[in-house]
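Throughout the sequence shown, residue numbering follows full-length UniProt numbering, covering 1 to 583 in sequence. A virtual CB, placed ideally from N, CA and C, is assigned to each residue, including glycine. None of these values were measured; they are calculated from a predicted model.
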Amino acid sequence: MPRDGIADEVENAIDPLTALPAWVKGEKRLSMMLPYVSLVNDRTIRTRGNELMQCIRLEGVNSTTSEDGHLDRIGGLLAGIVAQVGTEFSFYLHKVSKAVDVTLPPVPGEGFAAAVDQRWRAHLGQSGLRDKTLTLTVLKRPEASSRLPFGLGASRARHVADTTRRLRKLDEVVGFLLSSFDELKPRLLAASTGELLGFLGSLNTGEEHPLFPRSRLGVIAEDVANTRVTFRGTTIALSDGAVGDKLGAIFAVKNYPAKTDSLMLDELNLPVDMVVTHSFVPINANIMAGRIKRQLRLMQAANDGAVSLAQELELAQDDLESKRLIFGEHHMTVAVYARTQTALDDIAAEIRNISATSGINLISEAFGARAHFMAQHPGNTGARSRKAAITNHNFADLATFHRTPLGKTGREVPWGVPITLFPTPERSGFRFNFHEQGAPDREPTGGHTLILGRPGSGKSVLAAFLMTMARRAGARVFAPGGIGHARGRPNGIRGLSVEGMAQKTERDGEPMPDHVPLPIGTALPQAQHAASGPSGYHRLSPPCPSVLRNAGPCRDGLSIPEYSGHGPHQRLLSISTYCRSAS
């Protein structure tokens, strides 16, 4: 119809002022829904509600290998701090997934070790390993009785003084958190490095990339709005942004379990783009005590049969009045993203399965998707549509600092490079190193590694693989004892022996000597004589001179037969070979 054609022309008309389609005027911009206004300093942001916020990045603790007592201690420490600071502060904990950097320096050369390393690095590149960041955000809320005078000069001075006073309190609480969780390696995010705004932008997309403020006079929300968000029922469509086109879904908690523990949400560590958000806004103790009393009176008047629930309410009232706990409004959301609708449906089904096994009812609703999405951002307290009153101990059990560590980087170990990288059960990565934490320019730290396991469990294969990967650091490899004997040697050891395990390398600018560390030919017979008596001395003495006279390639530490003493103490001295001809 002609009338329909006219309507299409009007809809697709270009605004001469903005050069954008006419329908853009009816679209609400994402920056208008974000609460961030300006930077007070490099690490502090002011929100639309005049709140001051700072973000703390933590390394986390491994819940798989740590003892339950250690995990409970960290949770109790967080619960105690939340109760101690009172109702002037609110807390957010975000877990944002990110890809693991699996790049490793290649093993030099073209031998067996280099071929194994090439295959292993290709496998890691196709594994899709994911890590997650832990960020604790602290907000200092303005006092309810704070008012600004009408005069311009007086209001400006009052505003500056109020900001200085509240910033001092915020710095005090944040400093206390940094010192309390020192073992988790906390640090403050700064806008100058791109981490602070990059973290806030990741709440929109599920991927963290550095973002920088464009101007000191600009609105921070404009810099954080890094994508276009379209809500289509329960599906969230991202487009025209830093991460391209993606589809997402967001879940919120409808029902809480009767009891909580610190391990109940660990299964939410999925290897996908996701954002898990916990927020906790403390409630005034007098207000919460009044709610509990009213609920108890209603249950008594109705002759409610939930006797155990009434007893728990009485205990909670006792702890609240005794200052042993504090109540707060908790809100939790789980946002997941994928490139296709099929992949998103599979992830959503996995989320529902995890919620069913953990006892928390997570739902995805069309009418509340927009509010749940905006409630992820610190400061959007009014957008939390499914909040519930829980204690600070429940909050510490739900918002845990659990994360699989990635291991030590090259600058944290004496050899200056990680040996290799292993996938973890959570589809994350771990950089393996023989040494404890140190530095390449310092005295080497301890590097003892013990591999235990049942027969046939792969101990020799793992040891051979680690020795192969150690060639990345230019290490000299010796294989004495069980894994180095002639018939039981794994294929990895044989492959290394072909290209020479004791090749010369340079360490600290000086070439390594081309001999093994046995410069005195009489030391070995004397040691064997002390260990096993005269018989062992006579067995070892003839080969020693010929061994020590042999040159470079023959002394590779692989082929000397084992010499065992049969003295009165039955002690064994096993020596790996220097030369195959010494027997």
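Query, Result
"Nearest residue (CA-CA) to Val219, options Pro35, Leu104, Pro405 and Thr409", "Pro35"
"Rounded separation between Arg29 and Val229 - CA only", "9 Å"
"CB contact flag (Arg427, Thr420, <9 Å)", "no"
"Segment contact, 8 Å Cβ cut-off, at least three pairs: the segment 283–298 with the segment 312–320", "yes"
"Bridge partners - Tyr256, DSSP secondary structure assignment", "Tyr256 is not bridged to any residue."
"Sub-9 Å separation of Val82 and Glu183 beta-carbons", "no"
"Nearest neighbour of Leu325, chosen from Arg403, Ile390 and Ser308 [CA to CA]", "Ile390"
"Nearest residue (CA-CA) to Leu196, options Arg46, Pro282 and Ser127", "Arg46"
"Whether Gly251 touches His402 by CB criterion (9 Å)", "Gly is not the amino acid found at residue 251; the sequence shown has Phe there. Going by C-beta atoms, Phe251 is not nearer than 9 Å to His402."
"Counted within 10 angstroms of its Cβ, other Cβ atoms place Gly438 as buried (16 or more) or exposed", "buried"
"Within 9 Å, strictly: CB atoms of Leu203 and Leu139", "no"
"Continuous beta strand (DSSP E) stretch holding Asp131: start and end", "Arg130 to Lys140"
"Other residues of its chain near Arg411: CB distance less than 8 Å, five sequence neighbours each side excluded", "Ala439 and Pro440"
"Met332 - containing beta strand (DSSP E), residue span", "Phe327 to Ala338"
"Endpoints, the beta strand (DSSP E) within which Gly429 is located", "Gly429 to Phe432"
"Helix, strand or coil at Met274 according to DSSP, with G and I counted as helix", "strand"
"Val96 to Gly305 span [Cα, whole Å]", "43 Å"
"Presumed contact (8 Å Cβ cut-off) between Ile347 and Leu268, rounded CB distance", "Actually they are not in contact, since the Cβ atoms of Ile347 and Leu268 sit about 11 Å apart, beyond 8 Å."
"Residues bridged to Ile236 (per DSSP)", "Phe231 and Gly248"
"Segments of 4+ residues assigned as alpha helix (DSSP H) that fall wholly inside the segment 148–197", "152–180"
"Boundaries (first-last residue) of the alpha helix (DSSP H) holding Leu118", "Per the sequence presented here, residue 118 reads as Gln, with Leu not at that position. Per DSSP, Gln118 belongs to the alpha helix (DSSP H) from Phe112 to Gly125."
"Distance between Lys323 and Leu178 (C-alpha atoms, nearest Å)", "24 Å"
"Residues of its chain near Ile283, where Cβ-Cβ distance is below 8 Å and the 5 sequence neighbours each way are ignored", "Thr87, Ile326, Phe327, Gly328, Glu329 and Ala389"
"Cβ neighbour criterion (16 or more within 10 Å) applied to Gln54", "buried"
"Buried versus exposed call for Lys25 [16 or more other C-beta atoms within 10 Å across all chains shown]", "exposed"
"His393 - containing alpha helix (DSSP H), residue span", "Asn392 to Leu398"
"Between the CA atoms of Arg476 and Leu167 - distance to the nearest angstrom", "55 Å"
"Three-state secondary structure (DSSP) of Leu217", "coil"
"The ligand COA heavy atom lying under 8 Å from the CB of His278", "In terms of ligand content, the structure shown is empty, and the ligand COA therefore cannot be addressed."
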